[in-house]
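Visitor: If you count the sequence shown from 1, you need to add 2 to reach this note's numbering.
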Amino acid sequence: GGKDRRSGLILTIPLCLEQTSMDELSVTLDYLLSIPSEKCKARGFTVIVDGRKSQWNVVKTVVLMLQNVVPAEVSLVCVVKPDEFWDKKVTHFCFWKEKDRLGFEVILVSANKLTRYIEPCQLTEDFGGTLTYDHMDWLNKRLVFEKFTKESTSLLDELALINNGSDKGTQQEKERSIDLNFLPSVDPETVLQTGHELLSELQQRRFNGSDGGVSWSPMDDELLAQPQVMKLLDSLREQYTRYQEVCRQRSKRTQLEEIQQKVMQVVNWLEGPGSEQLRTQWGIGDSIRASQALQQKHEEIESQHSEWFAVYVELNQQIAALLNAGDEEDLVELKALQQQLSDVCYRQASQLEFRQNLLQAALEFHSVAQDLSQQLDGLLGMLCVDVAPTDGASIQQTLKLLEEKLKSVDLGLQGLREKGQSLLDQISNQASWAYGKDVTIENKENVDHIQGVMEDMQLRKQRCEDMVDVRRLKMLQMVQLFKCEEDAAQAVEWLSELLDALLKTHIRLGDDAQETKVLLEKHRKFVDVAQSTYDYGRQLLQATVVLCQSLRCTSRSSGDTLPRLNRVWKQFTITSEERVHRLETAVAFHSSAEKILQECPEQPEAFNEMEQFDEIEAVGKSLLDRLTVPVVYPDGSEQYFGSPSDMASAAEHIREKMKLVSLKKQQLRQPEATTPES
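(1) Taking Cβ to Cβ, would you say residue 466 is nearer than 9 Å to residue 542?
(2) How about residue 643 and residue 622: do their beta carbons lie closer than 9 Å?
(3) Buried or exposed: where does residue 241 fall if 16 or more other Cβ atoms within 10 Å of its Cβ makes it buried?
(4) My assumption, with CB atoms under 8 Å, is that residue 587 sits in contact with residue 625. Please give the rounded CB distance.
(5) Mind the definition here: the stretch 273–292 touches the stretch 316–326 only if three or more C-beta pairs lie below 8 Å; say whether that holds.
(6) Hey, quick one: how far does the beta strand (DSSP E) through residue 52 stretch, first residue to last?
(7) Alpha carbon to alpha carbon, how far is residue 565 from residue 525?
(8) Under 8 Å Cβ to Cβ from residue 239, same chain only, skipping five residues before and after it: list those, please.
(9) Which one of 304, 451, 342 and 510 has the shortest CA to CA distance from residue 264?
(10) Tell me the residue span of the beta strand (DSSP E) that contains residue 77.
(11) Out of 127, 109 and 126, point me to the one whose CA is closest to residue 119's CA.
(12) Cα separation between residue 664 and residue 597?
(13) Determine, using beta-carbon pairs with one atom in the stretch 112–127 and one in the stretch 148–157, whether at least three such pairs fall under 8 Å.
(14) Residue ranges of each alpha helix (DSSP H) run of no fewer than 4 residues wholly in the stretch 491–534, ordered along the chain?
(15) State the Cα-Cα distance for the pair residue 71 and residue 22, rounded to the nearest angstrom.
(16) Thinking residue 82 and residue 111 are a contact (beta carbons under 8 Å), I'd like their distance in whole angstroms, please.
(17) Could you pull the DSSP bridge partners for residue 11 from this structure?
(18) Identify, in the order they occur along the chain, each residue of the same chain with its Cβ nearer than 8 Å to the Cβ of residue 633, setting aside the five sequence neighbours on each side.
(19) If you run the structure through DSSP and keep just helix, strand and coil, what is residue 17?
(20) Helix, strand or coil for residue 608 per DSSP?
(21) Going by DSSP in three states, residue 125 sits in which element: helix, strand or coil?
(22) Would residue 452 and residue 426 be called neighbours here (beta carbons separated by less than 9 Å)?
(23) Between 422, 379, 145 and 417, which lies nearest to residue 404 when the distance is taken from Cα to Cα?
(24) Buried or exposed: where does residue 9 fall if 16 or more other Cβ atoms within 10 Å of its Cβ makes it buried?
(25) Nearest to residue 595 by CA position, among 514, 540, 418 and 186, is which residue?
(26) Using only the alpha-carbon positions, how far apart do residue 324 and residue 258 sit?
(27) Please name the residue, chosen from 55, 37 and 56, that lies closest to residue 47 on a Cα-to-Cα basis.
(28) In three-state DSSP terms, what is residue 286?
(29) What residue does the beta strand (DSSP E) around residue 110 start on, and which one ends it?
(30) Measure the Cβ-Cβ separation of residue 31 and residue 15 and say whether it is below 9 Å.
(31) Counting along the chain, where does the alpha helix (DSSP H) carrying residue 30 start and finish?
(32) Would you mind giving the Cβ-Cβ distance between residue 197 and residue 235, rounded to the nearest angstrom? I have them listed as a contact below 8 Å.
(33) Whole angstroms are fine: how far does the CA of residue 471 sit from the CA of residue 278?
(34) Measure the Cβ-Cβ separation of residue 686 and residue 295 and say whether it is below 9 Å.
(35) Determine, using beta carbons only, whether residue 107 and residue 68 come nearer to each other than 9 Å.
(36) Please report the distance separating the alpha-carbon of residue 333 from that of residue 255.
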């Protein structure tokens, strides 16, 4: 890598103690001298023969061999001698004597004196210089370069043969040429990558410095390798680009042929076996199970079609990709293939969808028909069981359930008609997919079956409606019966409450005649309310008897209610009469007492009859005695009006008035006593 002062390249030949093969050395020199360019060779070589570890005769042989290997290129030979060996006089004389014959100058020099002829920066460390040199690194790079050169040259020849063969002759010759030489012996990508890595390494060494920081100048062989590598890379890229285009065209043609073949496979199957499968499937079944079996069969047919539809999707994507590539020569053919494939697939898919929808509609129709039939069976079973309710609420609940079931049947029948009409409409359109086949017979059977199912359901529903009307009337009568019984029992309760109120709250007798008369009037109205309640209960019980006769059943509660009603009414009547008697007695007492107490004392003649006072006292005592007596009922039971304190309060008011009457009586007697004495 070093240069002499004339810019000639320096060639170093290190000799060792072992025997040196002159043949190998000659071959090595030939190889090394083939690396530099002719321009570099013209500047001559300076050869350094390192004989410090060799014998003189070997050195001499090497120097003489240079005459045959590089006679014109060698300008100076520097033989580095050992310090203590060789006879200087003899060796110097020998080379001097052979100078004219050799054609170059030979100098024997010590290693430390070599810098007199060559600059230290151009010498390696072995000769006291500073030139950085790694022989193994150079050797590895050289091997890579040689390998790249060999592979790229061979690859260029192969690619040129392939590319040129694809450009000549007819289409058949071109395809045959491509078939014979389609694959290169080495991978072009690998060779290109090796070349780029090599070029990058050579360019990097040109600019990087050595470890010591001194700029390193690349050897001439490396400078020469760079343009060679670049030229090979450019040629490779050009040929490889053409090769890729050839492969692309071939791949496109192969892909187009494969697409054509697959398209015809799809079309032939869909128009052949696929269409034949659909031609044989036209029934809708006469039940859910039959429709489900037909659906399962149709799913098997769809499964077979799905495999071909998947191929269609893949083919459509491939065709779309080729259309996007924009090759005009294939556009018409590709579009025709795409259109043909799409037409057939869409037509077959529409037929499959129509058949699936028809079977689904049939299944829904049969499902609704089965549900409606079960509802009618349930309603009929409910109507066939005799009604044995326990109360009016249960009858109302049963009647409500009956109405709900009838309403559900109405909705079910309406849904069945809608499903049936929809199915009939689809069947009427079925002929458009028949491929010219007459499906009138199949359609007539299907139509007759659908209409027959709807008519049968209508008749069953009408029969159930008639039975529901009868059952509804009976249940309404039963509801009325229970209502009458409940209301009659309620009338008894009301009458009992009136009796209880009469005994507990109707206890006052009034403080004067006017108040007592008001209480008596209120009591009569109270009795009128009780009388209306009793009459209402009697009417309800009479209605119960009539309803039982109509329903041909015996009332469960009227037999007990009537005696209770009569018993309570009897008790109320007795209590009311006692209350009336007490109030009337109180009115007579208060009226007589108030009349006497209001008379003026200047009219003594009005009190001539003392019997009035005695009568008032007798009435008052009778009223007081009656307040302490209970009301006795026919069954022997007794009831008192109000509490003892209430009775005591009423009696106290009567006693107070009796005292006033007694006092008035005494006042009237005093004047009678004083008159005879005077």
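The beta carbon of each residue, even a glycine, is placed where N, CA and C say it ideally should be.
Guide: Taking the geometry as given:
(1) no
(2) no
(3) buried
(4) 5 Å
(5) no
(6) 47–52
(7) 25 Å
(8) 194
(9) 342
(10) 76–82
(11) 109
(12) 14 Å
(13) no
(14) none
(15) 16 Å
(16) 6 Å
(17) 5 and 47
(18) 505, 576, 577, 580, 640, 641, 642 and 643
(19) coil
(20) Reliability fails at residue 608, whose pLDDT of 48 lies under 50, so the model's placement of it is uncertain and the value that follows must be treated cautiously. In this structure, residue 608 counts as helix in the three-state DSSP scheme.
(21) coil
(22) yes
(23) 379
(24) exposed
(25) 514
(26) 9 Å
(27) 37
(28) coil
(29) 107–111
(30) yes
(31) 24–35
(32) 5 Å
(33) 55 Å
(34) Missing from the structure shown is residue 686; the chain here goes from 3 to 680 and no further.
(35) no
(36) 13 Å
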